[in-house]
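Written below as structure tokens is the structure these notes are about.
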Amino acid sequence: MTGWEIFLTAAIKTVAAFAFLLTLTIILVWFERKTVADLQNRIGPNRAGPWGLLQTVADGAKLLFKESVTPRKVEFGLYIAAPVAALVPALLIFLVVPIGRPFHIGDRLIDLSGTDLNIGLLYILALSSLAVYAVVLAGWSSGSKYPLLGAVRASAQMISYEAAMGLALVPLILFTGTTSLKQIVEIQGGSFGDTFLPAWNVVLIPSFLIFFIAGIAETNRAPFDLVEAESEIVGGYHTEYSGFRFAMFFLAEYINIFNIAAITVTLFLGGWHGPTFGLGAPFDWVLPIFWFLAKSMALVFVFVWVRATLPRMRYDQLMSFGWKRLIPVSLLWIALSTLAIGVRRMGLPWT
Amino acid sequence: MVEVIVFAIFALAALGGALVMVSARNPVYSAMGLLLTMFSMAVFYVMNGAHFVAAVQVLIYAGAVMTLFLFVIMLIGVDRTVDTDEKIPLQRPMVVVLGTGLVFLVIAAAWDSWITGRASGVCTVDCTGTIEAISEELFGAWLLPFEATILLLTIAAVGTVALAQFALKPRLVESGGEEE
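Protein chains in written order, with our numbering: chain A, 1 to 351; chain B, 1 to 180.
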């Protein structure tokens with residue numbers, strides 16, 4: 001491919017991915033409100049459009065036209081930069097996730113992901129570690145007590161759970177022998193031996209659970225939403241934001257939820273793999289996208305379900321759960337899985 | 001051409017970030033300046049095909065170290081006026097002399113020899129297989145230094161825990177004795 005073709009492909013893919021994420025957010029917000037309403041015996045949004053589907057669009061439009069109030073004591077530069085710092089990593093992470101089987105246009109093979117990075121997993125960890133800046137900067141630059149409290153909570157929480165998140169991925173890297181998301185998905189094709197069970201990495205159940213729990217904590221969702229606990233510190237880091245600046249934080253949160261769900265699906269639940277029923281031409285690349293979205297939405301449902309079910313943790317519980325439970329368990333699991341993988345590859349040491 | 005433009009943008013960003021870090025009155029802006037410099041350096045690593053180093057740079061320095069810096073800055077409180085008196089005599093002239101000396105040394109070294117060979121504009125190694133290449137070097141040829149580094153880090157971590165424990169011990173013993 002020539003330089004221009006590479007540039008154009010990248011531009012098209014990036015714009016498509018961003019458009020996809022922004023559209024998806026509208027559905028996600030509606031989905032969450034409806035599901036939480038169901039779980040709490042309410043009806044939920046039902047006025048705007050069929051089943052209240054357009055409620056999010058209406059809310060978004062409202063936020064767009066609302067005045068962005070700027071308190072007097074803010075550090076203006078960082079105050080403006082923080083919402084951008086929230087949205088950019090959220091959008092960029094999704095670019096390495098393969099959402100479907102690669103397909104041919106003419107004689108050219110197109111990957112259905114922004115790009116396939118050799119260091120895919122590290123890229124994800126690196127960008128998700130940048131997400132904390134948005135919260136910290138927003139909290140600090142607001143020049144107000146509650147946001148600052150939220151920011152201090154956030155920095156401690158996100159660093160703690162990031163460690164668990166990274167450790168949970170080590171057995172996966174050892175097991176698959178790669179950090180490229182495309183290859184991780186390819187390895188999960190087919191089934192175990194002669195059984196009908198799919199050969200997904202979900203056999204690494206401890207990794208899967210630790211990663212998902214840490215993911216919930218990283219996105220600051222209930223029961224780990226101390227960063228924006230309404231009953232304790234008003235709105236946390238985004239207390240002083242309104243209008244479209246607030247909307248950007250809101251967008252980033254929902255895009256991050258989908259990112260965590262999509263990455264978990266890619267790493268542990270087989271990515272876009274699923275039965276295609278041998279239907280042939282258009283279906284063998286449409287169905288994988290469907291399976292990917294279906295699995296991701298199932299995990300998004302778990303996010304919402306957890307939020308509607310579990311009460312918020314106390315701060316000391318959050319820290320002791322992170323440092324005294326999750327991290328030791330993931331270290332133990334690394335040791336065990338390393339032994340198991342070593343024995344599988346090289347046999348027992350005395351034989 | 002693209003490479004030159006990208007390099008120019010991020011070289012300016014790196015230098016600007018470094019200047020902000022040194023000159024900003026507010027420590028939070030200093031931290032942000034350092035972050036910008038680190039991020040620009042990650043871009044340079046990517047341009048040289050070292051994706052792994054770039055990811056680690058962002059993950060460790062930008063993601064962990066700088067977050068801790070910010071955490072500490074915010075805990076201590078940024079509103080207090082920082083003591084900016086210069087204690088060392090002749091600090092500024094010395095900085096100028098040493099700084100220019102360093103710049104000349106770097107230029108002289110770069111004029112004379114390149115460790116990686118002179119810039120050729122093409123990737124001599126496989127640019128997409130960096131993680132495998134690094135692990136083969138690290139766990140093959142350089143295994144002993146690698147293990148020694150691990151030992152060093154473990155000693156540091158254990159030492160931190162030990163120091164914290166030793167500092168607490170006398171008080172714990174005393175209070176225990178009183179209870180009995």
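We treat Cβ as the ideally placed atom computed from N, Cα and C, and that holds for glycine.
Item                                                                                                                                                                  : Value
At a Cβ threshold of 8 Å, is A:ALA90 touching chain B?                                                                                                                : no
Tell me B:ILE107's beta-bridge partners as DSSP assigns them.                                                                                                         : Note: B:ILE107 sits in no beta bridge, so no partner.
Should A:TYR237 and A:VAL135 be called a contact, given that it needs their Cβ atoms to be closer than 8 Å?                                                           : yes
If we count Cβ pairs, one from each stretch, closer than 8 Å, do we get three or more for the region 106–124 of chain A versus the region 178–192 of chain A?         : yes
Name, please, each residue of chain B whose Cβ falls closer than 7 Å to the Cβ of A:TRP140.                                                                           : VAL28 and MET74
8 Å is my cut-off, CB to CB: does B:ILE9 come that close to chain A?                                                                                                  : no
Measure the beta-carbon distance from A:ALA244 to A:LEU64 and round it to whole angstroms, keeping in mind my assumption that it falls under 8 Å.                     : Per the sequence shown, residue 244 of chain A should be read as Phe rather than Ala. The pair is a contact, with the Cβ atoms about 6 Å apart (cut-off 8 Å).
So, is B:VAL95 buried or exposed, given that buried needs 16 or more other C-beta atoms within 10 angstroms?                                                          : exposed
What is the rounded straight-line gap between the Cα of B:PHE139 and the Cα of B:VAL53?                                                                               : 16 Å
State yes or no: is the beta carbon of A:LEU172 nearer than 8 Å to at least one beta carbon in chain B?                                                               : no
Have a look at the DSSP bridge pairing and note the partners of A:PRO198.                                                                                             : A:SER191
Which word fits B:ALA8, buried or exposed, when buried means at least 16 other C-beta atoms lie within 10 angstroms of its C-beta?                                    : exposed
Is the beta carbon of A:ALA58 closer than 8 Å to that of A:PRO89?                                                                                                     : no
If you measure from the beta carbon of A:THR25 to each beta carbon in chain B, is any gap under 8 Å?                                                                  : no
Tell me, which residues are paired with A:ILE105 by DSSP?                                                                                                             : A:ARG108
Considering A:VAL152, what are the terminal residues of the alpha helix (DSSP H) in which it resides?                                                                 : 145–176
Is A:ASN201 buried or exposed, if buried means 16 or more other CB atoms sit within 10 Å of its CB?                                                                   : buried
Pull up the distance between the alpha-carbon of B:THR154 and that of B:PHE71, whole angstroms please.                                                                : 24 Å
For A:LEU299, which residues from the same chain have a beta carbon less than 7 Å from its beta carbon, with the 5 sequence-adjacent residues on both sides left out? : ALA261, THR264 and VAL265
Please list, in chain order, the chain B residues whose beta carbon lies closer than 8 Å to that of A:THR179.                                                         : ILE131
Are at least three pairs of beta-carbons, each pair with one atom in the region 76–86 of chain A and one in the region 10–21 of chain B, less than 8 Å apart?         : no
So, under 8 Å CB-CB, A:PRO223 and A:ARG312 are touching, yes? Tell me the CB distance rounded to an integer number of Å.                                              : 5 Å
So, at 6 Å on beta carbons, what are the nonlocal neighbours of A:GLY270 in its own chain, with the 5 sequence-adjacent residues on each side left out?               : GLN188, PRO198 and TRP200
Would you call the region 239–257 of chain A and the region 132–152 of chain A touching, i.e. three or more CB-CB distances under 8 Å?                                : yes
Leaving out five residues on either side along the sequence, give the residues of the same chain with a beta carbon under 8 Å from the beta carbon of A:GLY166.       : LEU125
What is the residue span of the alpha helix (DSSP H) that A:LEU40 lies within?                                                                                        : What sits at residue 40 of chain A in the sequence shown is Gln, not Leu. Where A:GLN40 is concerned, there is no enclosing alpha helix (DSSP H), given that its DSSP letter is neither H nor E.
Under a three-way DSSP split, which group does B:MET32 fall into?                                                                                                     : helix
Quick check on B:VAL97 - is its C-beta less than 8 Å from some C-beta in chain A?                                                                                     : no
Is the distance from the Cβ of A:GLY100 to the Cβ of A:PHE292 below 8 Å?                                                                                              : yes
At a CB-CB cut-off below 7 Å, which residues of chain B make contact with A:TYR123?                                                                                   : ALA55
Using a Cβ cut-off of 9 Å, pull out every chain A residue sitting near B:LEU152, in sequence order please.                                                            : Near B:LEU152 there are no residues of chain A at all, since even the closest Cβ is about 20 Å away, more than 9 Å.
Please confirm whether A:TYR123 and A:ALA85 have their CB atoms less than 8 Å apart.                                                                                  : no
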